[in-house]
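S.K.:
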Amino acid sequence: MPKKVIFVTGGNAGVGFQCCLALAKQPNTHVIVAGRNQQRVNDAVKEIKAAATPTSIIEPGIVDLASLESVRTFANKLKSRQLQFSTIVCNGGVQLKQKEMTVDGFER
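So in full-length UniProt numbering, spot 98 of the sequence shown is number 98, and the numbers just go up one at a time.
(1) Is the number of C-beta pairs between the segment 62-76 and the segment 16-33 that are closer than 8 Å three or more?
(2) So, at 8 Å on beta carbons, what are the nonlocal neighbours of V94 in its own chain, with the 5 sequence-adjacent residues on each side left out?
(3) If we ignore side chains and look at the alpha-carbon of each, how far apart do G35 and T53 end up?
(4) Have a look at Q84 and G10 and give me their C-alpha separation to the nearest angstrom.
(5) Is L78 near I48, with beta carbons less than 7 Å apart?
(6) Starting from V89 and walking both ways along the beta strand (DSSP E), at which residues does that stretch end?
(7) Taking its Cβ as the centre, do 16 or more other Cβ atoms sit within 10 Å of F7, making it buried, or is it exposed?
(8) Taking the alpha helix (DSSP H) that K49 falls in, what are its first and last residues?
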């Protein structure tokens with residue numbers, strides 16, 4: 001049976017983490033846990049792998065969605081692998097005390 005490839009942004013904490021955890025417990029899933037902080041993503045992947053089924057693949061995806069260059073680079077890496085995604089979960093949240101701008105000039 002082919003694996004379902006699922007990409008989850010903000011997968012290293014909160015709702016995104018719980019989503020990845022639930023998906024990893026399903027057979028034949030390939031979950032890409034995406035986040036901008038490599039250490040946090042790697043820690044989450046380790047914890048998710050411990051709960052995953054033996055047929056699941058869990059991998060980190062380091063990408064800063066606030067940077068168009070980071071998104072382009074990451075997208076090109078994924079494209080070169082020719083993965084066929086069954087699901088993309090666009091999750092993420094941030095609580096800021098004041099207005100912040102991304103490196104590309106967009107409000108965060």
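Ideal Cβ positions, reconstructed from N, Cα and C, are used throughout, including at glycine.
M.R.: By the coordinates alone:
(1) Taking a contact to require three or more Cβ pairs closer than 8 Å, the segment 62-76 and the segment 16-33 do not qualify as touching.
(2) Around V94: R108.
(3) Going by C-alpha positions, G35 is about 22 Å away from T53.
(4) The straight-line gap from Cα to Cα measures roughly 20 Å.
(5) No, the Cβ-Cβ distance between L78 and I48 is not below 7 Å.
(6) From DSSP, the beta strand (DSSP E) with V89 extends over F85 to V89.
(7) F7 is buried by the Cβ-count criterion.
(8) Counted as a single uninterrupted DSSP element, the alpha helix (DSSP H) harbouring K49 occupies residues Q38 to A51.
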